[in-house]
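>
Protein chains: 2
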Amino acid sequence: MTTVQAPPRAPEVLARCRELVRPALEEAVGGMHPWVAEMAGYSFGWCEVGGAPAAAPGGKGVRQALAVLGAEAAGADGRAGVPAAVAVELVHAFSLLHDDIMDGDGTRRRRPAVWRAYGTGPAVLAGDALFALAVETLATAAGGPGTLRLLSAALADLVRGQADDLLFTARPHAGPQRVTPEEYRAMAEGKTGALLGCALALGAALGGAPEATVGVLARAGRHLGIAFQLVDDVLGIWGDPAVTGKPADGDLRMRKMTYPVLVALGSPVAGRLPALLGRPERATEAAALVEAAGGRSAALAEARTHTAAARALLAEAPLAAGAAGQLHTLLDHLADREL
Amino acid sequence: MTTVQAPPRAPEVLARCRELVRPALEEAVGGMHPWVAEMAGYSFGWCEVGGAPAAAPGGKGVRQALAVLGAEAAGADGRAGVPAAVAVELVHAFSLLHDDIMDGDGTRRRRPAVWRAYGTGPAVLAGDALFALAVETLATAAGGPGTLRLLSAALADLVRGQADDLLFTARPHAGPQRVTPEEYRAMAEGKTGALLGCALALGAALGGAPEATVGVLARAGRHLGIAFQLVDDVLGIWGDPAVTGKPADGDLRMRKMTYPVLVALGSPVAGRLPALLGRPERATEAAALVEAAGGRSAALAEARTHTAAARALLAEAPLAAGAAGQLHTLLDHLADREL
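Protein chains in written order, with the numbering used here: chain E, 358 to 696; chain R, 358 to 696.
Below, the structure is given as structure tokens:
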């Protein structure tokens, strides 16, 4: 009698990859300066301020999963992707630490952000240390040095995307100077897509994939990242605070230039929207107006376009079937999360 | 008739290397996000806030000179060391930007520090961008990827040294918890020595030096860095403000844990020194007490020890004679600057 095993679901895929990567990630962080290691551990949800063990929610580990699946998709054992997984998780942690400083965001995963808990200077330092450790992880991994070009290109794009995002908040809401959807896509590709693409590509490269496959996976990851950011924008306005861990309408209160808002601002229905943005007491009204102006549906349609593009690229690359299936599962999960 | 050319003096060596490196450094910075490129240009003294061209004093360019001389010492053309020179100057600029935030230091080379001129968030971002660009510069240079291990190790040590330096200010002035000279040396080696050693080693590696020579040069640069930091400490207390660009006794006012101070605190003559530190109005008195307790002469003696160690290592390595001579000239210059 043959039992057909159901393919793993997304949370199982994520959990399996987190488990595979965790020892190497802990070892890397454990080699840091003790003070900096504590801040890193706090940001991963492993400890409290002062170092007492904790089991606070860390991230879902999307980036590390992409690196492991990238290696598996190349036909290698998932363990081949672990140095890539560690590197991209360290880069992600670095960018969260520094972005929270730049955005003045005092809360991260329902806890005080590192800069709020430890001070701005120490948080800058901890971010730098995570960044340096990411580079070191790849530079010292077997086969790693040749892949550092992928990481450094992603780092450059990440910083470029963050610069654009910061500058967007200062742009006018109307007239020729306002942010265009094209500018938004470039920002989201840099800020979110570059590292997701890098995770997949790095994992595949360490798994021995040919250069063309690595390139296709990098592009697939970038599309996934744009879709991810678009869904994030929708959740930032209409998400359930109990699920997102952020206040309802938070992005509207903070006057963040998200995709639904910039689409709405370009619609004739927008009317008084510019006057409502950044005013916490008018956030509910603003959200209704953005929805009426088609901002929500446009963002979701755009996210679907990029998810489809990612899917098409994955279908085109010569990947190991099992891993490819799990990549598709993960992709669906991320595109539809909590919507 | 033969004319014997006098060997170049240190300022000429530095100027020659700056000239050789400048086009590549400008090209690298020119490829950054325009906003970030302006902050980088401001930090190099190339422009004012807003982007208007300036010729403000940049650094002396010690690190880029070491990279160029490292390549020449390996028997290569100095141009072989240029990617290394660009990378270490970018790392140096990154560390100055972030250190000024961490130390709350509002002035750098007689101008407002980047965080004071552009804001803390943008300065964090600009530092990150410089860091990423340094890695990218080496990752994309011919022969560069294999040397990234040298850079990443230096980055890790740099951050570790900065962490120690920040924590030193919180340590007590007396009793078993006070900072020891050994701890100081480790801090200075990380904070200053690692990048100087990396500059020499990277240049030599790109110049084709054998691994053993690269290792010896890295160690020589680390000793030079410790000596450099010790001289900096002496100048921070007894330096001429017109030359250093910093207030007299500045380090004593800020309660910085420098080598002269920690030696003095270990002496029976120290007496009331702990009570004077961090009190601007008592800084002159504190400086006299540190000197009477032997802090100044001990720091200079320690600097000489490390300069001698660097010199001995350079003498031991098989280096091209001309470049080795210029390295010695530079070393003497740095060890004796403005004392």
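The beta-carbon is built from N, C-alpha and C at its ideal position, and this holds for glycine as well. Nothing here was measured: the structure is a model prediction, and the numbers come from that model.
Below 7 Å on C-beta distance, what does Q519 (chain E) contact in chain R?
For the purposes of this step, residue 519 (chain E) is taken as residue 162 along the first sequence, with counting starting at 1. What Q519 (chain E) touches in chain R: L482.
> Count the other CB atoms within 10 Å of the CB of V471 (chain R); is the residue buried (16 or more) or exposed (fewer)?
Counting from 1 along the second sequence, the entry for residue 471 (chain R) is found at position 114. Buried.
> Between T526 (chain R) and chain E, is the shortest Cβ-Cβ distance under 8 Å, so that the two count as touching?
Your numbering for residue 526 (chain R) matches position 169 in the second sequence. False, the Cβ-Cβ gap to chain E never drops below 8 Å.
> Just to confirm, are V439 (chain E) and I458 (chain E) a CB contact at a threshold of 8 Å?
Taking the first residue of the first sequence as position 1, residue 439 (chain E) is located at position 82. Taking the first residue of the first sequence as position 1, residue 458 (chain E) is located at position 101. The answer is no: Cβ separation not under 8 Å.
> For a contact defined as C-beta to C-beta under 7 Å, what are the partners of S509 (chain R) on chain E?
Here residue 509 (chain R) is taken as the residue at index 152 of the second sequence, counted from 1. Ordered by position in chain E, the residues that pass the 7 Å Cβ test against S509 (chain R) are A489, V492, E493 and A496.
> Does the beta-carbon of S400 (chain R) have 16 or more other beta-carbons within 10 angstroms, so that it is buried, or is it exposed?
Residue mapping note: residue 400 (chain R) aligns to position 43 of the second sequence, counting from 1. Burial call: buried.
> To the nearest whole angstrom, what separates the beta carbons of A424 (chain R) and G635 (chain R), a pair I think is in contact under 8 Å?
Translated into positions along the second sequence, residue 424 (chain R) becomes position 67. Translated into positions along the second sequence, residue 635 (chain R) becomes position 278. That belief does not hold up - the Cβ atoms of A424 (chain R) and G635 (chain R) are roughly 38 Å apart, past 8 Å.
> Chain R beta carbons: is any one of them nearer than 8 Å to that of R506 (chain E)?
Working through the first sequence from its first residue, we reach residue 506 (chain E) at position 149. Yes, R506 (chain E) lies at the interface with chain R (some Cβ there is under 8 Å from its Cβ).
> Skipping 5 residues on each side, what residues in its chain have a beta carbon closer than 6 Å to that of V571 (chain R)?
Taking the second sequence and counting its residues from 1, the one referred to as residue 571 (chain R) is at position 214. These residues qualify, in order along the chain: A558, A561 and A562.
> List the residues of chain R whose Cβ lies closer than 7 Å to the Cβ of A486 (chain E), in chain order.
Your numbering for residue 486 (chain E) matches position 129 in the first sequence. For A486 (chain E), the chain R residues whose Cβ falls inside 7 Å of its Cβ are V516, in order along the chain.
> Where L495 (chain R) and A442 (chain R) are concerned, what is the direct C-alpha to C-alpha distance, given to the nearest angstrom?
Taking the first residue of the second sequence as 1, we reach residue 495 (chain R) at position 138. Taking the first residue of the second sequence as 1, we reach residue 442 (chain R) at position 85. One C-alpha to the other measures close to 10 Å.
> Given a threshold of 16 other Cβ atoms within 10 Å of its Cβ, counted over all protein chains shown, does R629 (chain E) qualify as buried or as exposed?
Position 272 of the first sequence, counted from the start, is the residue given in the question as residue 629 (chain E). Classification for R629 (chain E): exposed.
> Can you tell me whether Q519 (chain R) is buried or exposed, with buried defined as 16 or more other CB within 10 angstroms of its CB?
Taking the second sequence and counting its residues from 1, one reaches residue 519 (chain R) at position 162. Looking at its Cβ environment, which holds 16 or more other Cβ atoms inside 10 Å, Q519 (chain R) is buried.
> Looking at the C-beta of I594 (chain E), does it have a partner C-beta in chain R at a distance below 8 Å?
Residue numbering aside, residue 594 (chain E) sits at position 237 when the first sequence is read from its first letter. So, not an interface residue.
> Any C-beta of chain R within less than 7 Å: which residues of the region 376 to 404 of chain E qualify?
H390, W392 and V393
> Along chain E, in chain order, which residues have C-beta atoms closer than 8 Å to that of P502 (chain R)?
Taking the second sequence and counting its residues from 1, the one referred to as residue 502 (chain R) is at position 145. Neighbours of P502 (chain R) on chain E, chain order: P502, G503, L505 and R506.
> Can you look up P469 (chain E) in the DSSP assignment and give me helix, strand or coil?
Taking the first residue of the first sequence as position 1, residue 469 (chain E) is located at position 112. Of the three classes helix, strand and coil, the one that applies to P469 (chain E) here is strand, per DSSP.
> Report the residue from R:A680, R:P631, R:H390 and R:Y475 whose alpha carbon sits nearest the alpha carbon of A486 (chain R).
As a working mapping, residue 486 (chain R) is identified with position 129 in the second sequence. Per the C-alpha coordinates, the member of R:A680, R:P631, R:H390 and R:Y475 positioned closest to A486 (chain R) is R:H390.
> Quick check: the Cα distance between D597 (chain E) and T641 (chain E), rounded to an integer number of angstroms?
One-based indexing of the first sequence puts residue 597 (chain E) at position 240. One-based indexing of the first sequence puts residue 641 (chain E) at position 284. Computed Cα separation, rounded: 13 Å.
> Strictly by DSSP, which residues pair up with C404 (chain E)?
Residue numbering aside, residue 404 (chain E) sits at position 47 when the first sequence is read from its first letter. For C404 (chain E), which the question treats as bridged, DSSP gives the partners E:P410.
> So, at 6 Å on beta carbons, what are the nonlocal neighbours of V588 (chain E) in its own chain, with the 5 sequence-adjacent residues on each side left out?
As a first step, residue 588 (chain E) is located in the first sequence; it is residue number 231 there, counting from the start. The residues are A660.
> Just how far apart, CA to CA, sit P479 (chain E) and E405 (chain E)?
Within the first sequence, residue 479 (chain E) is the residue found at index 122, counting from 1. Within the first sequence, residue 405 (chain E) is the residue found at index 48, counting from 1. Whole-angstrom Cα-Cα distance: 16 Å.
> Under a CB-based cut-off of 8 Å, is L523 (chain R) close to chain E?
Translated into the one-based positions of the second sequence, residue 523 (chain R) becomes position 166. It does; some Cβ of chain E falls within 8 Å.
> Does any residue of chain E bring its CB to less than 8 Å from the CB of A513 (chain R)?
Sequence index remark: in the second sequence, residue 513 (chain R) carries index 156 (1-based). Yes, contact with chain E.
> Got a sec? Which residues, its chain only, sit under 6 Å from R550 (chain E) by beta carbon, not counting five neighbours each side?
Walking along the first sequence from the start, residue 550 (chain E) turns up at place 193. According to the sequence as given, residue 550 (chain E) is Gly; it is not Arg. So the qualifying residues of the chain are R579, G582 and I583.
> Here's a check: name, in chain order, each residue in its chain whose Cβ is nearer than 6 Å to the Cβ of R473 (chain E), leaving out the five neighbours to either side.
The count along the first sequence starts at 1 and reaches residue 473 (chain E) at position 116. G463.
> So which residues on chain R does H455 (chain E) lean against when the C-beta distance must stay under 8 Å?
In the first sequence, counting from the first residue as 1, residue 455 (chain E) sits at position 98. Proximity of chain R to H455 (chain E) at the Cβ level (cut-off 8 Å) is accounted for by V481, L482 and D485, in chain order.
> I want to check one thing, is the minimum distance from the CB of D693 (chain R) to the heavy atoms of the ligand ATP below 7 Å?
The model on display carries no ligand, and the ligand ATP is accordingly not part of it.
> For S509 (chain E), which option in R:L508, R:A499 and R:A491 has the closest C-alpha, if you only look at C-alpha atoms?
Against the first sequence, residue 509 (chain E) aligns to sequence position 152. Here the closest residue by C-alpha is R:A491.
> Sorted by chain position, which residues of the same chain lie with C-beta nearer than 8 Å to G398 (chain E)'s C-beta, five sequence neighbours on each side aside?
Walking along the first sequence from the start, residue 398 (chain E) turns up at place 41. Answer for G398 (chain E): V386, C404 and G408, listed in chain order.
> Cβ of A483 (chain E) within 8 Å of Cβ of L454 (chain E)?
For this step, residue 483 (chain E) is matched to residue 126 along the first sequence. For this step, residue 454 (chain E) is matched to residue 97 along the first sequence. Yes.
> What runs of the alpha helix (DSSP H), each 4 residues or longer, lie entirely inside the region 508 to 558 of chain R?
538 to 545
> Given a cut-off of 8 Å on the beta-carbon distance, is the pair A669 (chain R) and A650 (chain R) in contact?
Taking the first residue of the second sequence as 1, we reach residue 669 (chain R) at position 312. Taking the first residue of the second sequence as 1, we reach residue 650 (chain R) at position 293. No, these two residues do not count as a Cβ contact at 8 Å.
> Determine the chain E residues that contact T477 (chain R) at a beta-carbon separation under 9 Å, and present them in chain order.
As a position in the second sequence, residue 477 (chain R) is number 120, starting the count at 1. The contacting residues are I458, M459, T477 and V481.
> Using a Cβ-Cβ cut-off of 8 Å, state whether A681 (chain E) counts as contacting chain A.
This model lacks chain A altogether; the protein chains it does include are E and R.
> Using a 10 Å radius around the Cβ and a threshold of 16 neighbouring Cβ atoms, would you call S452 (chain E) buried or exposed?
Taking the first sequence and counting its residues from 1, one reaches residue 452 (chain E) at position 95. Its Cβ being crowded by 16 or more others within 10 Å, S452 (chain E) is buried.
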